[in-house]
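K.L.:
One structure is given below, represented as structure tokens, and several questions about it will come after.
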Amino acid sequence: PEAETSENYEIGVRTLQTDFDAAVAVYYTTFENRLETYGNFVAGQAGAVETFPQNVGGVESYGVEITGAWKPAIFNDLLYFNGNLTYNKTTFQDDIPNFLAPLVTGGPRRPLPIAGNTLADSPEWIVSLGATWEPTSWLVANISGKYLSDRYSNFTNTEEISDYTIVSGYIDLGEGDGEGPLGHFKARVNVDNIFDEDKLAFITPSVNGLASFRPQSPRTFSIA
Numbered sequence: 068p069e070a071e072t073s074e075n076y077e078i079g080v081r082t083l084q085t086d087f088d089a090a091v092a093v094y095y096t097t098f099e100n101r102l103e104t105y106g107n108f109v110a111g112q113a114g115a116v117e118t119f120p121q122n123v124g125g126v127e128s129y130g131v132e133i134t135g136a137w138k139p140a141i142f143n144d145l146l147y148f149n150g151n152l153t154y155n156k157t158t159f160q161d162d163i164p165n166f167l168a169p170l171v172t173g174g175p176r177r178p179l180p181i182a183g184n185t186l187a188d189s190p191e192w193i194v195s196l197g198a199t200w201e202p203t204s205w206l207v208a209n210i211s212g213k214y215l216s217d218r219y220s221n222f223t224n225t226e227e228i229s230d231y232t233i234v235s236g237y238i239d240l241g242e243g244d245g246e247g248p249l250g251h252f253k254a255r256v257n258v259d260n261i262f263d264e265d266k267l268a269f270i271t272p273s274v275n276g277l278a279s280f281r282p283q284s285p286r287t288f289s290i291a
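Residue numbers (this note's numbering): 68 to 291.
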């Protein structure tokens, strides 16, 4: 594969206020000789996938990101919120020349038309929201959710994975410094995927066939 190069442009604005802060950034990026990794199933080995880098030519990416945090005065700093919203559009600008279909040896090489398609595993919308409750110095509770919109799982955009939302949370107990009712005790209790969503969260893309996936972890409790 040839070396990947890019040009990046970004402009934004940020504000810091008494009870909230926020930032907005708009960006535009172009790539030449973009490197994309794809996976092929290994013949004769059930479930085995081997990954390869592939130059896909030009890629254009643009979007906007909004982030912020808000501490409403009415809650006296005991409850506060944060959020992030990203819109991103990333598309191939060229077809793949001299493409050899996976698992084909000695076959003809031909261009693979992907120009104008969306990059695999590239959702247009990502939204994260969280709320944190801190009634005392030794107790902090947080709940957060993350939404990903539909994604394609291959370069030809013939296989699409539906959108999903995952909600998680944690509770911090104690400060570990000997102060407060819990003394030297300090622990964090985590709950990931609270609603036990069964989704295909992790993608190993393919070029023009079926991709391989790992599911979202089920509801998981942990203590640290």
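Glycine included, each C-beta is placed from N, C-alpha and C at the ideal position. For clarity, every value in this text was computed on a predicted model and none was experimentally measured.
#1: Would you mind working out which of D217, P180, K213, E191 sits nearest N275, comparing C-alpha positions?
#2: Could you check the C-alpha separation between T158 and S273 for me, to the nearest Å?
#3: The beta strand (DSSP E) with W200 in it runs from where to where?
#4: Could you give the C-beta distance for I238 and A208, rounded to a whole number, given that I count them as a contact under 8 Å?
#5: With distances taken Cα to Cα, identify the nearest neighbour of V116 among G125, G124, G106.
#6: First and last residue of the beta strand (DSSP E) that includes A208?
#7: Classify E227 as buried or exposed, calling it buried when 16 or more other Cβ atoms lie within 10 Å of its own Cβ.
#8: Alpha carbons only, please: which of T82, V131, T72, F262 is nearest the one belonging to V123?
#9: Taking only three categories from DSSP, how would you classify A136?
#10: With DSSP run on the structure shown, which of helix, strand or coil describes F142?
P.N.:
This is what the structure gives:
#1: P180
#2: Cα to Cα, the separation comes out at about 16 Å.
#3: 192-203
#4: 5 Å
#5: Nearest C-alpha to V116 among G125, G124, G106: G106.
#6: 206-215
#7: exposed
#8: T72
#9: A136 carries a strand assignment under DSSP once its states are collapsed to helix, strand and coil.
#10: In the displayed model, F142 falls within a helix according to three-state DSSP.
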